[in-house]
Ligand SMILES: [Zn+2]
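Residue numbers (the working numbering): 342 to 829.
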């Protein structure tokens, strides 16, 4: 599809973009000033022409945070300048959409959407570390772990995950609240400006509809010895993956194995330091360990990190010398640390790019849910693809050695392979996702005669997309691929 001109694009937007888009005045100084601005998160998500998002805060923000809705089924947490905020996600949730106003094509909002989105992505809503029972359980689990067998460990984990089905938030089995907030802001902005459609930088390179990413965390010596076999299986389905290696205590790491992984086109990442589950117990100890972890990162040539058991403390991530982290689950009802980042898209935590874990881990599927099928994985992938997100998997070489679990993994690979043949999904290594998302984060949509073009390094791989308002629904169209997708 080729769009030479955009006659239906409103005059307001055209003028705005002509005024500002190519102006360098907005790049350096004001970029950092904009960092904590209202529009930042929506801008980062879509990369529309500069100044398309134009928000006003409707008043003074409350001191206290709480839960509210932003339209049906979109749960938010944070401060607001009007309405009421609920103390828990189960309390009555006031709908802040009723507080949105349009004033001179500006969108007047009762909250700061960047702050609200940060509260979700950084799990500030969850007070994830604060539960004292949770802390005691974690300590107990790691204390008894060396002494107990798998059965006892499973019981402790099951107790921890009890009532998981009753947890109303984040949404199980995939949460897309961040994407839902961004699309609502886009629709409201289009209505405020009176435009029918707006260009943006499509989420994935070469017009791919979504992204798939396979990772393997190597837990034990047996798992390590299964890596070559796992690479053979992955290769037989035409799929490459990243292996996360525990550098200390668990098993000896031979340079030959790492070399073999890289030579075969697989990726090597760092998993924790010694996998004792204590990485984030105290800041002092974390800072001591992170130096060693960074050292291993350099030694292994690893650009990515993942913590043991998906423990995390994003506010400490600036100590990492890794390009990206892969430790934050999308929805963590069944993980040792509850919470979830409520997004299926990568996002920056300072300079570290977060590639969230968006599907259930094999261990959890097999041992906590006692599942022996790929149905849940399929459901999650379908939901993620519907939102054009990143479907990322953790499959441990250690847990797919049994006859039954191994064949389940093969079914998953078969399903993913089929998907790759049927739809334009991008099967990528974490390091490629990192490079793309970094490049995209610096791209902008600028005027080009009567049309638009994408400016920035690697813009050749980027595809211009248009968000259209079709009877109150957001529809995405790509300029270069015959793909039209409707989102809810
Ligand atoms: Zn692990």
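Idealized CB from N, CA, C, for every residue including glycine.
Item: Rounded distance between the beta-carbons of residue 645 and residue 550, thought under 8 Å; Value: Incorrect: roughly 24 Å between the Cβ atoms, too far for contact.
Item: Strand pairing of residue 670, partner residues [DSSP]; Value: 698
Item: C-alpha gap between residue 647 and residue 502, whole angstroms; Value: 21 Å
Item: Spatial neighbours of residue 364 in its chain, beta-carbon cut-off 7 Å, leaving aside the 5 residues before and after; Value: Since pLDDT at residue 364 reaches only 34, below the 50 mark, its modelled position is unreliable, and no value is offered.
Item: Residue environment, residue 670, which counts as buried when at least 16 other CB atoms sit within 10 Å; Value: buried
Item: Whole-angstrom C-beta distance between residue 387 and residue 510, which should lie under 8 Å; Value: With 8 Å as the limit, residue 510 and residue 387 do not qualify as a contact, their Cβ atoms being about 25 Å apart.
Item: Contact test: residue 587 Cβ vs ligand 1 heavy atom, cutoff 8 Å; Value: yes
Item: Other residues of its chain near residue 811: CB distance less than 7 Å, five sequence neighbours each side excluded; Value: none
Item: Contact under 9 Å by Cβ, residue 748 with residue 698; Value: no
Item: Segment contact flag, the region 604 to 619 with the region 776 to 785, C-beta cutoff 8 Å, min 3 pairs; Value: no
Item: Residue burial classification, residue 507 (beta-carbon count within 10 angstroms, cutoff 16); Value: exposed
Item: Extent of the continuous alpha helix (DSSP H) to which residue 445 belongs; Value: Taken as a continuous stretch (DSSP letters only), residue 445 belongs to no alpha helix (DSSP H), as it is neither H nor E.
Item: Counterpart residues of residue 433 in DSSP-defined beta bridges; Value: Partner(s): none; residue 433 has no beta bridge.
Item: Between the CA atoms of residue 704 and residue 588 - distance to the nearest angstrom; Value: 21 Å
Item: Simplified DSSP assignment, three categories, for residue 767; Value: strand
Item: Supposed close pair residue 693, residue 658 - CB separation, criterion 8 Å; Value: 5 Å
Item: Given residue 724 as reference, the closest of 520, 466 and 445 once Cα atoms are compared; Value: 520
Item: Per DSSP, cross-strand counterpart(s) of residue 293; Value: Outside the displayed range of the chain (342 to 829) lies residue 293, so it cannot be described from this structure.
Item: Same chain only: Cβ atoms within 8 Å of residue 556, ignoring 5 sequence neighbours per side; Value: 582, 583, 584, 585, 610, 647, 667, 733, 734, 735, 736 and 771
Item: As assigned by DSSP and simplified to three states, the class of residue 572; Value: helix
Item: Limits of the unbroken beta strand (DSSP E) element including residue 558; Value: 552 to 559
Item: For residue 718 and residue 756, the rounded distance between their alpha carbons; Value: 10 Å
Item: Beta-carbon proximity of residue 412 to residue 438, cut-off 9 Å; Value: yes
Item: Euclidean distance between Cα positions of residue 371 and residue 600; Value: Unreliable placement is indicated for residue 371, whose pLDDT of 42 sits below 50; no coordinate value is reported for it.
Item: Residue range of the alpha helix (DSSP H) that includes residue 718; Value: 716 to 727
Item: Residue 758 to residue 572 span [Cα, whole Å]; Value: 15 Å
Item: Any non-hydrogen atom of ligand 1 closer than 8 Å to residue 560 Cβ; Value: yes
Item: Range covered by the beta strand (DSSP E) that runs through residue 417; Value: 416 to 419
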